[in-house]
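Peer 1: Chains as they are written, first to last, in my numbering: chain A, 1 to 118; chain B, 119 to 236; chain C, 237 to 354; chain D, 355 to 472. The C-beta atom is built at its ideal place from N, Cα and C for all residues, glycine as well. Just so we're clear, the structure is a prediction, and the values are computed from it rather than from any experiment.
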DNA sequence: GTGGTCTAGACCACC
DNA sequence: GTGGTCTAGACCACA
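(1) Using a Cβ-Cβ cut-off of 7 Å (strictly less than) and excluding sequence neighbours within five positions of residue 258 of chain C, which residues of its own chain qualify?
(2) Of all the residues that make up the segment 220-235 of chain B, which are near chain A by a beta-carbon distance shorter than 9 Å?
(3) Does the segment 120-138 of chain B come close enough to the segment 170-179 of chain B to have 3 or more Cβ pairs within less than 8 Å?
(4) Determine, using beta carbons only, whether residue 211 of chain B comes closer than 8 Å to chain A.
(5) What is the C-beta distance between residue 71 of chain A and residue 30 of chain A, in whole angstroms, given that I count them as a contact (C-beta under 8 Å)?
(6) Could you confirm whether any beta carbon from chain B is found closer than 8 Å to the beta carbon of residue 78 of chain A?
(7) In terms of residues, what are the limits of the beta strand (DSSP E) holding residue 66 of chain A?
(8) Please tell me whether residue 332 of chain C has its Cβ less than 8 Å away from any Cβ of chain D.
(9) In chain order, what residues of the segment 20-38 of chain A put their CB closer than 9 Å to some CB of chain B?
(10) Please list the partners that residue 84 of chain A has in chain B, where partner means a Cβ-to-Cβ separation under 8 Å.
(11) According to DSSP, simplified to helix, strand and coil, what is residue 189 of chain B?
(12) Quick one: which unbroken alpha helix (DSSP H) runs of 4-plus residues sit fully inside the segment 428-452 of chain D? Chain order, please.
(13) Using a Cβ-Cβ cut-off of 8 Å, state whether residue 71 of chain A counts as contacting chain B.
(14) In chain C, which residues lie with their C-beta within 7 Å of the C-beta of residue 414 of chain D?
(15) Going by DSSP, which residues form a beta bridge with residue 267 of chain C?
(16) Check whether the Cβ atoms of residue 89 of chain A and residue 229 of chain B lie closer than 8 Å to each other.
(17) Tell me whether residue 253 of chain C is buried or exposed, calling it buried when 16 or more other Cβ atoms sit within 10 Å of its Cβ.
(18) Interface residues of chain D around residue 239 of chain C at Cβ under 9 Å?
(19) For the alpha helix (DSSP H) containing residue 240 of chain C, list its first residue and its last residue.
(20) Determine the extent of the alpha helix (DSSP H) in which residue 379 of chain D is found, giving its start and end residues.
(21) Measuring only the C-alpha atoms, how far is residue 453 of chain D from residue 201 of chain B?
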């Protein structure tokens, strides 16, 4: 796992966890890696993983069971999608359209790239 | 001018300047606001504006003339677009397509929103 | 450590760091002094050390690891030498030859001083 | 006339004047350009030329005659050479030898370049 | 007036 | 503990 400079590491970890869940690699009710295990895996301080897990807990995506570990909530996928859709439609997409306008990029260009990538 | 929490203020200032130039509000060869004047205007410390201007100078977007001020370079628009296009096609667009895939959003939806916004 | 009047302190600090590396006193992969520790050592403000380290980072001479410190890059010596050689052959040496010409100093004089110093 | 970023403009002007004198383009007892005329010529503020002339006056290289102008002193060449030799042998040459040592450049290389240039 | 450098010190994020 | 950002203010050089 590699981290970007300009985004908080704990948020990048949270994103990674959310992605695993969305991709159905980590399923509801399943235990996710322990803080210490995960910290060693991705070569990061345990406190940073704690922050990521705490953030995901606040967003109702994972759940903590004392002495046992963290678990994917049943409503995790739903809440991740809600969050991500909110970010997507309210932040990412408007930013993209603004960039397109500033750079004078036509929608057809985007469409072409999208179809090529697909 | 309002600043976001999660991005360094000096970078937001640099973005603002670049935007003014792209929108042809500040033209090549023209003087941009002096450091201290601008700092007062947007209610930040002069050092923060200095960092923004220094960054833009490194990017060959503005130019400094001792004792006179900062000026928009002839190649400013070109350099801003080069930078922004690089970010757009190499970072923003791939991230967007990844989000669309994860959220199972079809391209037609994006197209619809784009046309409505237009 | 003593500073000259006519050169920015942060650049003199950067030069000092580069010199330690060239002299193999600070080796690749090794941690260099923390910003605040170094600032106290050489009796300057921490921000001044930050500027020096940021400059060296831009020149690909040192590397930052969040919360850990700055480290000498593997390619540090190479990059320092590249930079210094460029300055030496394109700026210092032509200036020296020009001075010699103006002052009517013969090359044999330089040679003599060089051999005596050696 | 073009100015470097990293050296005070008034010193670059003083260097230029000294060079003209050393090259016998401006001779002892002759009037050098008036402050205002020179300032216009090289597109610099008159105050900056005043500083340069004042500095040269302190170094006994030029002389001011009220209402008439600045003149090259008889001892100008001598004083310039004294100054320059001092700088050359006490500052430039030691710095060059230090650079050579750090970069592991042999004297023969310098000699070769010198002879080629000559 | 312009810009540049430096200081002292606060606050935040990450290890 | 590490580094990064920002502030307020002093001082200097150049136009």
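Peer 2: Taking the structure as given:
(1) Excluding residues within five positions, the ones whose Cβ falls inside 7 Å are 313 and 316.
(2) With the criterion set as a beta carbon lying under 9 Å from some beta carbon of chain A, the members of the segment 220-235 of chain B are 220, 221, 222, 223, 225, 228, 229, 231, 232, 233 and 235, in sequence order.
(3) By the Cβ criterion, the segment 120-138 of chain B is in contact with the segment 170-179 of chain B, since at least three pairs of Cβ atoms, one from each stretch, lie closer than 8 Å.
(4) Taking Cβ atoms only, chain A reaches closer than 8 Å to residue 211 of chain B, which makes this a yes.
(5) Cβ atoms of residue 71 of chain A and residue 30 of chain A come within 8 Å of each other, at about 7 Å.
(6) At a cut-off of 8 Å between beta carbons, residue 78 of chain A makes no contact with chain B.
(7) Secondary structure note for residue 66 of chain A: it is in no beta strand (DSSP E), with a DSSP letter that is neither H nor E.
(8) Judged by the 8 Å Cβ criterion, residue 332 of chain C is in contact with chain D.
(9) Against chain B - using a Cβ distance shorter than 9 Å - the residues of the segment 20-38 of chain A are 22 and 23.
(10) Chain-order list of chain B residues neighbouring residue 84 of chain A: 217, 220 and 221, by C-beta distance under 8 Å.
(11) When secondary structure is reduced to three states using DSSP, residue 189 of chain B falls in the strand class.
(12) Qualifying alpha helix (DSSP H) stretches, in chain order: 430-441.
(13) Taking 8 Å as the CB threshold, residue 71 of chain A stays off the interface with chain B.
(14) By Cβ distance, chain C contributes nothing, its closest Cβ being about 18 Å from residue 414 of chain D, past 7 Å.
(15) According to DSSP, residue 267 of chain C shares a beta bridge with C/307.
(16) Going by C-beta atoms, residue 89 of chain A is not nearer than 8 Å to residue 229 of chain B.
(17) By the Cβ-count criterion, residue 253 of chain C is buried, with 16 or more other Cβ atoms from all chains shown falling within 10 Å of its own Cβ.
(18) Using a Cβ-Cβ cut-off of 9 Å, residue 239 of chain C is close to nothing in chain D; its nearest Cβ partner there is about 16 Å away.
(19) No alpha helix (DSSP H) contains residue 240 of chain C, which DSSP labels as neither H nor E.
(20) Boundaries for residue 379 of chain D: no alpha helix (DSSP H) harbours it, and the DSSP string shows neither H nor E there.
(21) Approximately 37 Å, taken between the alpha carbons.
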